[in-house]
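S.K.:
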Amino acid sequence: MILYFTGTGNSRYIAKQIANLTGDKLVSINKRIKENNISEINATGRLIFVVPTYCWRIPRLVEEWIAKTRFTGTKNVYFIMNCGTSIGNAKKYIKRLCKRKNFKYMGVVSIVMPENYIAMYDAPDESVAIQIIENANLVIGKIGEIVRQGKVFTDRQSNLIDCLKSSVINTIFYSFLVKADKFTVDDKCVGCGICVKECSLNNINLKGNKPVWGKECTHCMACICKCPKEAIEYGEKSVGKIRYKCPM
Ligand SMILES: Cc1cc2nc3c(=O)[nH]c(=O)nc-3n(C[C@H](O)[C@H](O)[C@H](O)COP(=O)(O)O)c2cc1C
Numbered sequence: 109m110i111l112y113f114t115g116t117g118n119s120r121y122i123a124k125q126i127a128n129l130t131g132d133k134l135v136s137i138n139k140r141i142k143e144n145n146i147s148e149i150n151a152t153g154r155l156i157f158v159v160p161t162y163c164w165r166i167p168r169l170v171e172e173w174i175a176k177t178r179f180t181g182t183k184n185v186y187f188i189m190n191c192g193t194s195i196g197n198a199k200k201y202i203k204r205l206c207k208r209k210n211f212k213y214m215g216v217v218s219i220v221m222p223e224n225y226i227a228m229y230d231a232p233d234e235s236v237a238i239q240i241i242e243n244a245n246l247v248i249g250k251i252g253e254i255v256r257q258g259k260v261f262t263d264r265q266s267n268l269i270d271c272l273k274s275s276v277i278n279t280i281f282y283s284f285l286v287k288a289d290k291f292t293v294d295d296k297c298v299g300c301g302i303c304v305k306e307c308s309l310n311n312i313n314l315k316g317n318k319p320v321w322g323k324e325c326t327h328c329m330a331c332i333c334k335c336p337k338e339a340i341e342y343g344e345k346s347v348g349k350i351r352y353k354c355p356m
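Here the sequence shown is numbered in our numbering, starting from 109 and rising by one per residue.
Structure follows, in structure tokens:
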């Protein structure tokens, strides 16, 4: 079984490609989190988590959802993280989670995909994004084959900087930066409610036909990047930037 979480579609794309190679069933973690569903998951063969990287770790909301959900059947668990550049020392925390859940850690791999964090960085334009995804396809093929054969992923060494990013900086990031306060909406908003539907944390409501953000944001970038009118901004940071959605 492949369980994926996605903000802007990269993880879903990878999950689908891996499913084509291995025949595993796809399950959306977004849907489960949105429905507050932590009911038992029973899988045979293997569990494969496909997730974006958030501040050099797996997204905290995914880690919390995994912690709360009961998994039965197979113990073999793979993690496939996609990132703009690097996953830091994410493996340390994944191994800790596996221990806590009594999973057999089959390894973590990273796949470079287009950057989507427009609250901080720039996203690539569509032609550059397609080139990045075409390069990723080669890696996805190799990963799919390793999983199909039931082999483990080879662990990559982390250096001191990786360790600092995934520990201290990750803690600072969640304490001070991951907030919805800076989201605003302008006159281009037509009140279509796509942002409400796309928010896995049910953190957006329409008031007077305009979105209002609550306190549960995880900065997945779905609302801002999927708004069909580009009516959402994140303070000054997102002004004039390309809105990213996986083009494939
Ligand atoms: C909140 C947030 C934090 C991120 N942190 C990292 C990071 O630490 N390292 C990195 O290389 N990319 C980082 N990214 C980029 C995403 O991991 C990357 O674009 C990913 O492919 C997005 O996947 P998705 O489309 O499935 O949401 C971050 C993106 C977001 C939204």
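Just so it is clear, CB atoms sit at the ideal spot from N, CA and C, and this is done for glycine as well.
Rounded to a whole number of angstroms, what is the C-alpha to C-alpha distance between Phe291 and Cys271?
M.R.: What you label residue 291 is simply residue 183 of the sequence shown in a count that begins at 1. What you label residue 271 is simply residue 163 of the sequence shown in a count that begins at 1. Their Cα atoms are separated by approximately 31 Å.
S.K.: State the beta-bridge partners of Phe234 as determined by DSSP.
M.R.: Here residue 234 refers to the residue found at position 126 when the sequence shown is read from its first residue. The sequence shown places Glu at residue 234, rather than the Phe named in the question. According to DSSP, Glu234 bridges with nothing at all.
S.K.: Ligand 1 heavy atoms versus the CB of Gly115: any closer than 7 Å?
M.R.: In the sequence shown, residue 115 corresponds to position 7, counting from 1. Checking the Cβ of Gly115 against ligand 1 gives yes.
S.K.: Does the pairing of the stretch 309-326 with the stretch 194-203 give three or more beta-carbon distances under 8 Å?
M.R.: Too few Cβ pairs lie closer than 8 Å, so no.
S.K.: Say yes only if the C-beta of Thr279 is nearer than 7 Å to one or more non-hydrogen atoms of ligand 1, and no if none qualify.
M.R.: Start at 1 with the first residue of the sequence shown, and residue 279 comes out as number 171. Flag unset: Cβ of Thr279 not near ligand 1.
S.K.: Could you check if Glu172 belongs to the surroundings of ligand 1, using beta carbon to heavy atom distance under 7 Å?
M.R.: Reading the sequence shown from its first residue, position 64 is the one you call residue 172. Every heavy atom of ligand 1 is 7 Å or more from the Cβ of Glu172, so no.
S.K.: Please report the distance separating the alpha-carbon of Asp289 from that of Lys318.
M.R.: Here residue 289 is taken as the residue at index 181 of the sequence shown, counted from 1. Here residue 318 is taken as the residue at index 210 of the sequence shown, counted from 1. Near 15 Å, if we compare the C-alpha coordinates of Lys318 and Asp289.
S.K.: Let's test the definition: count the other Cβ atoms within 10 Å of the Cβ of Val255 and tell me whether it reaches 16, buried, or not, exposed.
M.R.: Position 147 of the sequence shown, counting from 1, holds the residue named residue 255. That one is buried.
S.K.: Return the residue from the list Gly196, Phe284, Ser218 and Ile241 that minimises the CA-CA distance to Thr326.
M.R.: Residue mapping note: residue 326 aligns to position 218 of the sequence shown, counting from 1. It is Phe284.
S.K.: Candidates Pro355, Ala231 and Asn243: which alpha carbon is nearest Val220's?
M.R.: Mapped onto the sequence shown, residue 220 falls at position 112. For the residues Pro355, Ala231 and Asn243, the minimum Cα distance to Val220 belongs to Asn243.
S.K.: Could you check the C-alpha separation between Leu134 and Ala123 for me, to the nearest Å?
M.R.: Position 26 of the sequence shown, counted from the first residue, corresponds to residue 134. Position 15 of the sequence shown, counted from the first residue, corresponds to residue 123. Using only the alpha carbons, I get a separation of about 7 Å.
S.K.: Please report how far the alpha carbon of Lys183 lies from the alpha carbon of Ile174, in whole angstroms.
M.R.: By 1-based counting over the sequence shown, the position of residue 183 is 75. By 1-based counting over the sequence shown, the position of residue 174 is 66. One C-alpha to the other measures close to 13 Å.
S.K.: Could you tell me which residues DSSP puts in a beta bridge with Trp321?
M.R.: Along the sequence shown, one-based indexing puts residue 321 at 213. Ile312.
S.K.: Which residue comes first and which comes last in the alpha helix (DSSP H) that contains Ile340?
M.R.: For the purposes of this step, residue 340 is taken as the residue at position 232 of the sequence shown. Looking at the DSSP string, Ile340 is not in any alpha helix (DSSP H); the run it does join, the beta strand (DSSP E), is Ile340 to Tyr342.
S.K.: Would you mind listing the alpha helix (DSSP H) stretches within the stretch 123-209 that are 4+ residues and don't spill past its ends, in chain order?
M.R.: Qualifying alpha helix (DSSP H) stretches, in chain order: 137-142, 168-176 and 198-209.
S.K.: Can you tell me the Cα-Cα spacing of Val260 and Asn224, whole angstroms?
M.R.: If you number the sequence shown from 1, residue 260 lands on position 152. If you number the sequence shown from 1, residue 224 lands on position 116. One C-alpha to the other measures close to 29 Å.
S.K.: Let's test the definition: count the other Cβ atoms within 10 Å of the Cβ of Ile137 and tell me whether it reaches 16, buried, or not, exposed.
M.R.: Along the sequence shown, one-based indexing puts residue 137 at 29. Classification for Ile137: buried.
S.K.: In terms of alpha-carbon separation, which member of Lys345, Ser274 and Lys353 lies closest to Glu306?
M.R.: Start at 1 with the first residue of the sequence shown, and residue 306 comes out as number 198. Selected option, being the one with the closest Cα: Lys353.
S.K.: For Gln125, I'd like the list of residues in its chain whose CB is within less than 6 Å of its CB, leaving aside the five on either flank, ordered along the chain.
M.R.: Looking up residue 125 in the sequence shown gives position 17. For Gln125, where only same-chain residues beyond five positions count, the Cβ hits under 6 Å are Ile248.
S.K.: Are the stretch 159-166 and the stretch 230-244 in contact at 8 Å, needing three or more beta carbon pairs?
M.R.: As far as the Cβ criterion goes, the stretch 159-166 does not touch the stretch 230-244, which means the pair count is below three.
S.K.: When you compare the CB of Arg256 with every CB in chain B, is at least one pair closer than 8 Å?
M.R.: Annotation note: the requested chain B is absent from the structure, which comprises a single protein chain.
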